[in-house]
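Q:
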Amino acid sequence: MPVQVVDINCDMGEAFGQWRLGTTDDAELIPYISSASIAAGFHAGDPNLMDATVRLAAHHGVGVGVHPGYRDLQGFGRRKIGGSGDEIVNDMVYQVGALREFARRHGTNLQHVKPHGALYMELAVNENLSRSFIQAMRTIAPNSYVFCMDVSATYRVAIEAGHPVVREFYADRDYDHTGSIVFARHVNRLDATAIAQKCVRACRDGVVRTVEGEDIPISFESICFHSDTPNSLELARAIRSGLIEAGIRIAPVSEVYDQLVRA
Numbered sequence: 000m001p002v003q004v005v006d007i008n009c010d011m012g013e014a015f016g017q018w019r020l021g022t023t024d025d026a027e028l029i030p031y032i033s034s035a036s037i038a039a040g041f042h043a044g045d046p047n048l049m050d051a052t053v054r055l056a057a058h059h060g061v062g063v064g065v066h067p068g069y070r071d072l073q074g075f076g077r078r079k080i081g082g083s084g085d086e087i088v089n090d091m092v093y094q095v096g097a098l099r100e101f102a103r104r105h106g107t108n109l110q111h112v113k114p115h116g117a118l119y120m121e122l123a124v125n126e127n128l129s130r131s132f133i134q135a136m137r138t139i140a141p142n143s144y145v146f147c148m149d150v151s152a153t154y155r156v157a158i159e160a161g162h163p164v165v166r167e168f169y170a171d172r173d174y175d176h177t178g179s180i181v182f183a184r185h186v187n188r189l190d191a192t193a194i195a196q197k198c199v200r201a202c203r204d205g206v207v208r209t210v211e212g213e214d215i216p217i218s219f220e221s222i223c224f225h226s227d228t229p230n231s232l233e234l235a236r237a238i239r240s241g242l243i244e245a246g247i248r249i250a251p252v253s254e255v256y257d258q259l260v261r262a
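See the structure below:
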């Protein structure tokens, strides 16, 4: 079924003190998205930056989400960190709580929880860890959407638990034949026109071309791109304009989710 209305989400607040990753300022990206996933101090982010980024999102009416990652500032959360399930989930709970208080401070709520990087990929294949994560979310953030891939263990577990869950389509990542994104620690500049066409095709036809050269079905409610992709601002403009020109409406994730539930 063609996607007629979609959320656009982007990771944000991914710096630390004087350290910056990427060349695009979050303030430049914010007009093009409807949801922001904000780093909460473990892979990037610090209290001052969290406060500023939440304020920016709230001012623009963009949904505020937390982007919890492994405790890995040096590796930007794109390295797998060992630990028990309880340790990893407790790290996520800590980050959820921290970001949520900044959201409350600026008169908004915690719209979603989207694990970051290597943690996102580990949850996707680790059913036991996903169950622990979703159980924790059912207690501390029962109304906050969990963002994940449609082929992930996280998605299956969230559906089973009755937790609100939103599937993502990755604009600036490749897919393999399993329907999973191909994890990358570094990404070069991308062809903005090709990325926009990729998003429109996914919405219209429900397919994506894999690195193996085949089309596979894809289901999603939100399109993601990364702020640290070198030409992220160019991608943001192309994706948004391409969707609008194709007659696909961009809306808050709550509206997209409500339409999914009613369908």
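With the first letter of the sequence shown counted as 1, position 50 gets the number 49 in numbering that gives the first Met the number 0; the numbers rise by one all the way through.
All C-beta atoms, glycine included, are put in the ideal place defined by N, C-alpha and C.
#1: By DSSP's criteria, serine 34 is part of a beta bridge. Which residues make up the other side?
#2: Going straight from the alpha carbon of aspartate 171 to that of leucine 189, what length do you get?
#3: Once you ignore the five residues that flank serine 237 on each side, which residues in its own chain have a CB closer than 7 angstroms to its CB?
#4: How would you write the range of the beta strand (DSSP E) that glutamate 167 sits in, first residue to last?
#5: How big is the Cα-Cα spacing for threonine 23 and phenylalanine 224?
#6: Can you give me the start and stop residues for the alpha helix (DSSP H) that isoleucine 158 sits inside?
#7: Under 6 angstroms Cβ to Cβ from phenylalanine 75, same chain only, skipping five residues before and after it: list those, please.
#8: Assess, as a yes-or-no matter, whether the stretch 161 to 171 is touched by the stretch 86 to 104 under the definition of 3 or more beta carbon pairs within less than 8 angstroms.
#9: Rounding to the nearest angstrom, what Cα-Cα distance links valine 206 and valine 2 in this structure?
#10: Should glycine 64 and serine 33 be called a contact, given that it needs their Cβ atoms to be closer than 8 angstroms?
#11: By the DSSP assignment, the beta strand (DSSP E) with valine 186 in it spans what residues?
#12: Please report the residue range of the beta strand (DSSP E) in which phenylalanine 224 lies.
#13: Grouping DSSP H, G and I as helix and E and B as strand, with all else coil, what is valine 281?
#14: Taking buried to mean at least 16 other C-beta atoms within 10 Å of its own C-beta, is threonine 177 buried or exposed?
#15: Should glycine 263 and leucine 48 be called a contact, given that it needs their Cβ atoms to be closer than 8 angstroms?
#16: For alanine 152 versus leucine 122, is the C-beta spacing smaller than 8 angstroms?
#17: Who are the near neighbours of leucine 118 in its chain, counting only those whose CB is closer than 6 angstroms to its CB and skipping five residues on each side?
A: Once the coordinates are examined:
#1: Asn8 and Gly62
#2: 8 angstroms
#3: The amino acid occupying residue 237 in the given sequence is alanine; serine does not appear at that position. For alanine 237, where only same-chain residues beyond five positions count, the Cβ hits under 7 angstroms are Ala191, Thr192, Ile194 and Ala195.
#4: 164 to 169
#5: 13 angstroms
#6: For isoleucine 158, the enclosing alpha helix (DSSP H) covers residues 152 to 160.
#7: His42
#8: Judged by Cβ distances under 8 angstroms, the stretch 86 to 104 makes no contact with the stretch 161 to 171, as fewer than three pairs qualify.
#9: Approximately 11 angstroms, taken between the alpha carbons.
#10: no
#11: Looking at the DSSP string, valine 186 is not in any beta strand (DSSP E), and its letter there is neither H nor E.
#12: 221 to 224
#13: Residue 281 lies beyond the residue range present for the chain, which begins at 0 and ends at 262; the question has no answer from this structure.
#14: Around the beta-carbon of threonine 177, fewer than 16 other beta-carbon atoms lie within 10 Å, marking it exposed.
#15: Because residue 263 is not part of the residues shown, which for the chain are 0 to 262, the question remains open.
#16: yes
#17: Only Gly68 and Tyr69 meet the Cβ criterion.
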